[in-house]
Structure formats: C-alpha cells, structure tokens
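**Q** The sequence shown runs -18 to -1, 1 to 150 under mature numbering (1 follows the signal peptide of the UniProt record, and there is no 0). Positions of the beta carbon are idealized from the N, C-alpha and C atoms, including for glycine. Please read these numbers as outputs of a predicted model, since none were measured by experiment.
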Amino acid sequence: MKKYMVVCAGLAFALAFTSCKSSESAYRKMYDAAKANGDTGISALADGNMGDETVVVAPVTERPITETTVTDNYDNVSVRQENVRVVNGNGLKSFSVVVGSFSIDANAYGLQQKLRNAGYDAQVAYSEARHMYRVIVATFDNKADAARSRNDFRSQYPDAWLLSPEIR
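1) Under the rule that 16 or more other beta-carbon atoms within 10 Å means buried, what is residue 147, buried or exposed?
2) Using alpha carbons as the reference points, say which of 109, 116, 110 and 79 lies closest to residue 91.
3) Could you name the residues of the same chain whose beta carbon sits closer than 8 Å to that of residue 127, not counting the 5 residues immediately before and after it, in chain order?
4) From residue 134 to residue 81, what distance separates their C-alpha atoms?
5) Helix, strand or coil for residue -15, going by three-state DSSP, please let me know.
6) Beta-carbon separation of residue 79 and residue 106 under 8 Å?
7) Residue 94 lies in the alpha helix (DSSP H); which residues open and close that run?
8) Return the residue from the list 114, 59, 13 and 139 that minimises the CA-CA distance to residue 97.
9) Going along the chain, which residues of its own chain have a beta-carbon closer than 7 Å to the beta-carbon of residue 142, five neighbours each way excluded?
10) Tell me the DSSP bridge mates of residue 148?
11) I'd like to know whether the C-beta atoms of residue 72 and residue 103 end up nearer to each other than 8 Å.
12) Quick one: what does DSSP say residue 109 is sitting in, helix, strand or coil?
13) Assign residue 26 to one of three DSSP states: helix, strand, or coil.
14) Determine the direct distance from the alpha carbon of residue 41 to that of residue -5, and round the result to whole angstroms.
15) Would you list the one or two residues that DSSP bridges to residue 59?
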C-alpha cells in the first residue's frame, strides 16, 4: 500500500513539472516581434546603446514665486441658529463661538469656570429645543470676527462652532 502511494505521488510530481512550460519563451517571442517591427527602444536596450537617436530632455526651470494675497471670505462659514437663553453670563450678540455642548449643567459650568480662569468671558446658554447647555467663549457683532475667533479656538477645541441666537 505504501509503495502504491509513493509511486502515485512520484507520478503526480513528475506530471506537475512536465506540464509547466517556461514563460520565458513567450517573452522572447514578444521581444523578437517588437525588434522585427523596428521598435528602436527595444533594440537600443538590447544592444546597450542608443544608436544615432539622441534623447532630448527638457531642462528643469524654476518659476518665480509670485505673491498673492488671500482675503478671508467668511460669508461661507456655517452658522447654526438656535433658540437659546443665557443661563449664566452677560448676554449674547449676533454671533457666538461655542466650544462645548453638554446635557448636564454641571459639566457646562465646569468648562465655563475653566475658561474664565484662563481670562475669557465665558457664558452658558441653554437650548430648550435640543436640551443642551452651550458653553460660549466669545460673542461678536459681526460674522467675520466670530469666524476668526472660532478658528483660533479650534487649536484647543477642534469642534468649536458658531451660533446665532434666533430672535423671538
């Protein structure tokens, strides 16, 4: 029984290796066909030289840097409108920078105190529709100033956003 299995394994092994043909001959046929068609790139590579043809390479040139002034366009900055009432603070202007939103008032007051200790006039407003306490770090009359302030605060508070209170 063992001899029979060894003989079968040997036959399978021999059959596997004899049925595989080298793909090198296919590459050789492709090379010969391209050479016969006059493809100079292949023949030049095969010969090791480029022959009479000269390859021209365009020189790399540096372009002068032109200065452009970018004006900040704050018209496209998104502003969320919510009906809020100030719970702790001096009152809101047209645009406010929100750095935190909490469902628990103690968390909002904790962040407000942290911001006040850092020198900001932080306020807490409550959104009745969303049942959230909004921690407002700064409030402004115009959108551009609010957007600049929001961008500055995003280094510490990446989720900072602008709020415009709805007028009742």
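**A** So, from the data block:
1) Along the sequence shown, read from residue 1 onward, the residue named residue 147 stands at position 165. In this structure residue 147 is buried. Its beta-carbon is surrounded by 16 or more other beta-carbon atoms within 10 angstroms.
2) On the sequence shown, position 109 is the one that residue 91 refers to. If we check each option's Cα against that of residue 91, 116 comes out closest.
3) Looking up residue 127 in the sequence shown gives position 145. Cβ within range, chain order: 77.
4) The residue you call residue 134 lines up with position 152 of the sequence shown. The residue you call residue 81 lines up with position 99 of the sequence shown. Residue 134 and residue 81: Cα-Cα distance of roughly 11 Å.
5) As a working mapping, residue -15 is identified with position 4 in the sequence shown. In the structure shown, residue -15 sits in a helix (DSSP, three-state: H, G or I).
6) Here residue 79 refers to the residue found at position 97 when the sequence shown is read from its first residue. Here residue 106 refers to the residue found at position 124 when the sequence shown is read from its first residue. With respect to residue 106, residue 79 sits apart: the two C-beta atoms are not nearer than 8 Å.
7) Taking the first residue of the sequence shown as position 1, residue 94 is located at position 112. First-last of the alpha helix (DSSP H) with residue 94: 87 to 99.
8) As a first step, residue 97 is located in the sequence shown; it is residue number 115 there, counting from the start. In terms of CA proximity to residue 97, 139 leads the group 114, 59, 13 and 139.
9) Position 160 of the sequence shown, counted from the start, is the residue given in the question as residue 142. Spatial neighbours of residue 142 in its own chain (CB-CB distance under 7 Å, excluding positions within 5 residues in sequence) are listed in chain order as 79, 80, 81, 132, 135 and 136.
10) In the sequence shown, counting from the first residue as 1, residue 148 sits at position 166. Answer is none; residue 148 lacks a bridge partner.
11) Translated into the one-based positions of the sequence shown, residue 72 becomes position 90. Translated into the one-based positions of the sequence shown, residue 103 becomes position 121. At a Cβ-Cβ threshold of 8 Å, residue 72 and residue 103 count as neighbours.
12) Translated into positions along the sequence shown, residue 109 becomes position 127. Collapsing the DSSP output to three states places residue 109 in a strand.
13) Taking the first residue of the sequence shown as 1, we reach residue 26 at position 44. Bear in mind that a pLDDT of 49 at residue 26, under 50, signals an unreliable position, so the model cannot answer this.
14) Position 14 of the sequence shown, counted from the first residue, corresponds to residue -5. Position 59 of the sequence shown, counted from the first residue, corresponds to residue 41. Their backbone Cα atoms lie some 58 Å apart in a straight line.
15) By 1-based counting over the sequence shown, the position of residue 59 is 77. Residue pairing from DSSP leaves residue 59 without any beta-bridge partner.
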